[in-house]
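One line per chain: the protein sequences are A and B, in this order.
So the number in this note's numbering is just where the residue sits in the first sequence, counting from 1, plus 1141.
So the number in this note's numbering is just where the residue sits in the second sequence, counting from 1, plus 1141.
Just so you know, even glycine gets a beta-carbon here, dropped at the ideal spot from N, CA and C.
Protein chains: 2
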Amino acid sequence: MRGAVSVEGWPLDDRGAAYGDGLFETVLLRDGRPLLWEEHLSRLVRGCHALGIPMPAEHELAAPLAEAGIGLFVFKLMLTRGSGGRGYRPPAFPETRLRWQLAAFAPTETHWQQGVRVRHCRLRLGIQPALAGLKHLNRLENVLARAEWDDDKVAEGLLCDSDGRLVEATAMNLFWQREGRLETPRLERCGVAGTLREALRERLAITEVDVGPEVLDQAEAVWLGNSVQGVWPVVRLDDPDGLERQRWPLAAIHRGFQAEAHRLLGYPLPDPT
Amino acid sequence: MRGAVSVEGWPLDDRGAAYGDGLFETVLLRDGRPLLWEEHLSRLVRGCHALGIPMPAEHELAAPLAEAGIGLFVFKLMLTRGSGGRGYRPPAFPETRLRWQLAAFAPTETHWQQGVRVRHCRLRLGIQPALAGLKHLNRLENVLARAEWDDDKVAEGLLCDSDGRLVEATAMNLFWQREGRLETPRLERCGVAGTLREALRERLAITEVDVGPEVLDQAEAVWLGNSVQGVWPVVRLDDPDGLERQRWPLAAIHRGFQAEAHRLLGYPLPDPT
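The structure is reproduced here in structure tokens:
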């Protein structure tokens, strides 16, 4: 079994398709079991509350899991405000619409082992506290940022907000160690609060900070992570023109944080460097 | 004939449904003829260029017009980057996907005649020059702003950006007269550059300005307008709690600007006040 999808696509008048009026989650499954499931549900609850969309029962959300086979899968769950309303005005009693996709998955193990090269994106994220932290369906900023480079040697792009503060990468959260302390950007103005980030914050002392990208000049180690790919050490950072700006040699320091994340996802601990 | 739609909905993996990775236009049709069609096409061209989506040929976009009957219709045209790519990363050669809806329409004539009551929204629009002016499918800000009130006596809500500058209403552009001059907010940081606004700027001296909402205290007249509803004089402005903040008596001053817009849309000129 390589994958499956919910039977139907989206009706023409679905508000998710029309306005991005909905949410999604991308969940790693191992042998049919969802990883960080509590964190995914909790972000969905926050999103439904913020958007005023009725949250489906957990058994409805989890029903497709029965179709996943042995091995690793990615379960993409999409949830919209359904149809109706008048233009942007939401219907008084929305009927949440659910759709899902299930696909066999293999993480990029070389990125775990060797680390990744990333670059700064030119695009700045708009500041929108009403949507910050949520995994909503308005993702054009991420699409435009990801379209800034085409070089497969560059694994991710770092994003600042319109005031110049570091936020995240296009599809991963950002972490670094400075003077021995773990830090990650605050996500109260924009960005997606990843479920792996949430789970790591519960287990490790990670301080949320408001800082510009120059903080990385002082970083002893930098990582990117999400709940599907695990954690990638950053070994090189380029500017938006692709010119090298900074390097971090792979070191033992990288492996502790990575190991903590990989335990949560059932991924192997990388070989010590 | 009350309406028609393109046969299919959206595939599950459509990037418009997944990320709002696309554009739309809402076009007024009179007896099958699209109004401000050049302005709609020109905004689509700008949007396709900004997003890197291939622009369909005009005859493809216009094909559904043949299905419209006599009278007024609204033609909603949606265009996405299609399927494919890896996550946010767009496919190298996207195949644009088109869908449309056609619905019989009647404008709100009492708003033309009597003017409207509007309110300030609490939500602030995020600043995103890469998307400003475009009618893209990431419209959660508009949905959240429109959900701020439920009182049918309030016709629209005014939006400022995160720096406090006036931008637009949730689904209309904003215009006012101050010291005898017509003004409208600049839309280079956020907001939708309406086609009626574009057409009026070609015909009248309308200055684009960067100003906060206090400018309305000095306004002799205020209007909202779009290419479907025409132009509504604003006669009352409330704060976000619904408390009255300002009134403008309906006067002859309102009718000249309105008449100019209504000529472009083939709408009747309101009775002189």
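Cβ-Cβ separation, residue j to residue i (assumed contact under 8 Å), whole Å
| i | j | result |
| --- | --- | --- |
| A/ARG1396 | A/PRO1411 | 6 Å |
| A/ALA1362 | A/PRO1374 | 7 Å |
| B/LEU1170 | B/LEU1206 | 7 Å |
| B/PRO1381 | B/ARG1222 | Not confirmed; about 36 Å, so no contact. |
| B/ALA1288 | A/GLY1225 | Wrong, their Cβ atoms sit about 13 Å apart, outside the cutoff. |
| A/ARG1330 | A/ILE1268 | 4 Å |
| A/LEU1202 | A/GLY1163 | Contact flag wrong, Cβ pair sits at about 13 Å. |
| B/LEU1402 | A/ALA1158 | At residue 1402 of chain B the sequence reads Ala, which differs from the Leu that was named. Not quite, the Cβ-Cβ distance comes to about 31 Å (not below 8 Å), so this is no contact. |
| B/VAL1376 | B/ARG1388 | 6 Å |
| A/LEU1391 | A/GLY1256 | 5 Å |
Coil, strand or helix - residue i by DSSP
| i | result |
| --- | --- |
| B/VAL1186 | helix |
| A/ASP1379 | strand |
| B/ILE1211 | coil |
| A/TRP1419 | In the structure as shown, chain A starts at 1142 and stops at 1414, and residue 1419 of chain A therefore has no counterpart that could be examined. |
| A/PHE1398 | helix |
| B/GLY1157 | helix |
| B/VAL1372 | strand |
| A/THR1221 | strand |
| A/VAL1356 | helix |
| B/TRP1389 | coil |
| A/LEU1299 | strand |
| A/ALA1145 | strand |
| A/PRO1235 | coil |
| B/ASN1314 | strand |
| B/GLU1320 | coil |
| B/PRO1205 | helix |
| A/GLN1269 | coil |
| A/ARG1260 | strand |
| A/ASN1283 | helix |
| B/LEU1410 | coil |
| B/ALA1191 | helix |
| B/THR1336 | helix |
| A/LEU1405 | helix |
| A/THR1249 | coil |
| B/LEU1330 | Sequence check: residue 1330 of chain B is Arg here, not Leu. Residue state, collapsed to three classes: coil. |
| B/LEU1164 | strand |
| A/ASP1180 | Looking at the sequence provided, one finds Glu at residue 1180 of chain A rather than Asp. A/GLU1180 falls in the helix class under three-state DSSP. |
| A/GLU1199 | helix |
| A/LEU1341 | helix |
Within 8 Å, strictly: CB atoms of residue i and residue j
| i | j | result |
| --- | --- | --- |
| B/VAL1350 | B/GLY1274 | no |
| A/TRP1253 | A/GLY1150 | no |
| A/PRO1195 | A/THR1237 | yes |
| B/LEU1315 | B/LEU1307 | yes |
| A/GLU1320 | A/THR1311 | no |
| A/GLU1104 | A/LEU1177 | Residue 1104 of chain A lies beyond the range of chain A shown here (1142 to 1414); nothing can be said about it. |
| A/ALA1340 | A/LEU1300 | no |
| B/ALA1209 | B/GLY1173 | yes |
| A/VAL1284 | A/ALA1244 | no |
| B/ARG1187 | B/THR1336 | no |
| B/TRP1241 | B/SER1147 | yes |
| A/SER1122 | A/LEU1345 | Outside the displayed span of chain A (1142 to 1414) sits residue 1122 of chain A, for which this structure offers no information. |
| A/LEU1365 | A/VAL1295 | no |
| B/MET1313 | B/ASN1279 | no |
| A/TRP1317 | A/LEU1357 | yes |
| B/ASP1292 | B/GLY1407 | no |
| A/PHE1246 | A/LEU1213 | yes |
| B/THR1348 | B/GLU1309 | no |
| A/LEU1239 | A/PRO1197 | yes |
| B/LYS1276 | B/GLU1166 | yes |
Contact test: residue i Cβ vs the ligand ADP heavy atom, cutoff 7 Å
| i | result |
| --- | --- |
| B/VAL1372 | Among the ligands in the structure shown, none appear at all, so the ligand ADP cannot be discussed. |
What are the residues in the segment 1277-1293 of chain B lying within 9 Å of chain A by C-beta distance?
HIS1277, LEU1278, ASN1279, ARG1280, LEU1281, GLU1282, ASN1283, VAL1284, LEU1285, ALA1286, ARG1287, ALA1288 and ASP1291
Under 8 Å (Cβ pairs) to chain B, residues found in the segment 1157-1177 of chain A:
GLY1157, ALA1158, ALA1159, TYR1160, GLY1161, ASP1162 and PHE1165
Contacting positions in the segment 1208-1238 of chain A - beta carbon closer than 7 Å to chain B:
GLY1228, TYR1229, ARG1230 and PRO1231
Determine which residues of the segment 1254-1271 of chain B have a Cβ less than 7 Å from any Cβ of chain A, and write them out in chain order.
LEU1264, GLY1267, ILE1268, GLN1269 and ALA1271
In chain order, what residues of the segment 1291-1311 of chain A put their CB closer than 7 Å to some CB of chain B?
SER1303 and THR1311
If contact means a Cβ-Cβ distance below 8 Å, which residues of the segment 1183-1195 of chain A contact chain B?
LEU1192 and GLY1193
Would you list, in chain order, the members of the segment 1398-1413 of chain B that have their beta-carbon closer than 7 Å to a beta-carbon of chain E?
The structure shown has no chain E; the protein chains it does contain are A and B.
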